[in-house]
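Novice:
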Amino acid sequence: MPNRNKTCCVILLHGLARTPLSMQAMEYALQKQGYSVVNVSYPSRQLPVADLAIIAIEHGLQKCRQQNTSRIHIVTHSLGGILVRHYARDHAIAGLARVVMLGPPNQGSQVVDKLKKMPGFAFINGPAGLQLGTRPEDIPKQLGPVNFELGVIAGEKSFNPLLSTLIPGRNDGKVSIEGTKIDGMRDFICLPVSHTFMMRNPETIRQTLHFLQHGSFDHTN
Numbered sequence: 011m012p013n014r015n016k017t018c019c020v021i022l023l024h025g026l027a028r029t030p031l032s033m034q035a036m037e038y039a040l041q042k043q044g045y046s047v048v049n050v051s052y053p054s055r056q057l058p059v060a061d062l063a064i065i066a067i068e069h070g071l072q073k074c075r076q077q078n079t080s081r082i083h084i085v086t087h088s089l090g091g092i093l094v095r096h097y098a099r100d101h102a103i104a105g106l107a108r109v110v111m112l113g114p115p116n117q118g119s120q121v122v123d124k125l126k127k128m129p130g131f132a133f134i135n136g137p138a139g140l141q142l143g144t145r146p147e148d149i150p151k152q153l154g155p156v157n158f159e160l161g162v163i164a165g166e167k168s169f170n171p172l173l174s175t176l177i178p179g180r181n182d183g184k185v186s187i188e189g190t191k192i193d194g195m196r197d198f199i200c201l202p203v204s205h206t207f208m209m210r211n212p213e214t215i216r217q218t219l220h221f222l223q224h225g226s227f228d229h230t231n
C-alpha cells in the first residue's frame, strides 16, 4: 500500500531564541513516517514578527514546493505559531492542510507584560519578543481567529517557578494553558511538559503525528 505521507511536506518552525536543532527530534519522527520535512532556520531575535513571518514561512514553502509535494503541514513551537497566524492572515497558503502549534502564545504571555522593561530583556528576546504581550496592541491580540485546520498542544509543567508566579493559572513556565488557545482551532490537548522541552517530548511528538494524520489528537489515554 502506498505511503500517503510521501505527498506531504511538513514545515517546522522553532521558537524564540532557538534553532532548528530544537526541532530535530520532531524532524526525525516525521521523516520516519515518510514525510518530507523542511526544518526552517530564521533569525528570531533580530526582526519583528511581520518580517520574520515572511522570511520563515516563504522559505519553508519554497523548499516544500521544490520537493513536488501536494499538501503542506506546519508544526510550530512558541513564536513559530504566531508567525503562521500573522502570515496566514495576509496570504493564502496553497496546499495548506494541517497545523500543530506547541505552546503558542496565542493570547500573549504575561511574562512579556511584566519583564519587557527589565534591562537585558530586549537584548535577549529581540523585537519579536517584545511584541508577545497580552495587551490589545500586542501582536497576538491583533491577529484574530485562525482560518486553517489547527491543533494546539499546551504544557502544564514548569522548570522555572519564578516565571510561573507571573502567569495566572496552570502554565508551562512561559505561557498559560488558556493563553495557548485561539478561536477556530480544531482540537486542543494539554500534556505534562514544559515550554522549553515540549517539542522533544515523545508524547508531544506522538500527538503531533496523530493530528497530522487524523485531524484530531488522541484523547483515549
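Numbered by my numbering, the letters in the sequence shown go through residues 11 to 231 in order. Where a beta carbon is used, it is the ideal one built from N, C-alpha and C, also for glycine.
1) If you draw a straight line from the C-alpha of T144 to the C-alpha of I192, how long is it?
2) Measure the C-alpha to C-alpha separation of G154 and K124 and round it to an integer number of angstroms.
3) At what residue ranges does the region 61-109 contain a whole run of the beta strand (DSSP E), taking only runs of 3 or more?
4) Scan the region 100-176 and note each continuous alpha helix (DSSP H) run of 4 residues or more that stays entirely inside, going in chain order.
5) Thinking just about the alpha-carbon of each residue, which of Y52, G25, A27, I21 is nearest to the one in E37?
6) Quick one: what's got a C-beta closer than 7 angstroms to V121's C-beta in the same chain, skipping five residues either side?
7) Would you report the Cα separation of E166 and C200, rounded to the nearest angstrom?
8) Is it buried or exposed for I82, if we count other Cβ within 10 angstroms and need 16 for buried?
9) In angstroms with no decimal places, state the Cα-to-Cα distance between P12 and Q41.
10) Ends of the alpha helix (DSSP H) at I215?
11) Please report how far the alpha carbon of Y52 lies from the alpha carbon of A35, in whole angstroms.
12) Going by C-alpha to C-alpha distance, which of N181, L140, E159 sits closest to L57?
13) Taking 7 angstroms as the threshold (C-beta atoms), are V94 and T218 in contact?
14) For L62, which of H24, G113, V48 has the nearest alpha-carbon?
15) Quick one: residues in its chain with C-beta nearer than 7 angstroms to the C-beta of Q43, no 5 flanking neighbours on either side, listed in chain order?
16) Considering only C-alpha positions, which residue in the set H87, A27, V203, F198 is nearest to N181?
17) Measure the Cβ-Cβ separation of G130 and H205 and say whether it is below 7 angstroms.
18) Please list, in chain order, all residues of the same chain as L106 whose beta carbon is under 7 angstroms from its beta carbon, the five residues on each side excluded.
19) Given a cut-off of 7 angstroms on the beta-carbon distance, is the pair V162 and M128 in contact?
20) Just to confirm my understanding: we take G189, look at its own chain, exclude 5 residues before and 5 after, and list those with CB closer than 7 angstroms. What are they?
21) For a test of the three-state rule: what should DSSP assign to V185, helix, strand or coil?
22) For S226, is the classification buried or exposed, using 16 other Cβ atoms within 10 angstroms of its Cβ as the cut-off for buried?
23) Among the residues of its own chain, which have a CB less than 6 angstroms from the CB of A164, if the five just before and after it don't count?
Specialist: According to the data block:
1) 13 angstroms
2) 23 angstroms
3) 81-87
4) 120-125, 131-140, 149-152, 171-174
5) I21
6) L173, L176, I177, K184
7) Approximately 7 angstroms between the Cα atoms of the pair.
8) Burial call: buried.
9) Only weak support exists for where P12 lies, its pLDDT of 44 falling under 50; the value from the coordinates is given anyway. Near 15 angstroms, if we compare the C-alpha coordinates of Q41 and P12.
10) 212-224
11) 18 angstroms
12) Considering only N181, L140, E159, the residue with the shortest C-alpha distance to L57 is L140.
13) no
14) Comparing Cα positions, the closest option is H24.
15) N15, L219
16) V203
17) no
18) I82, F158
19) no
20) P115, N116, Q117, G118, S119
21) coil
22) exposed
23) I187, T190, C200
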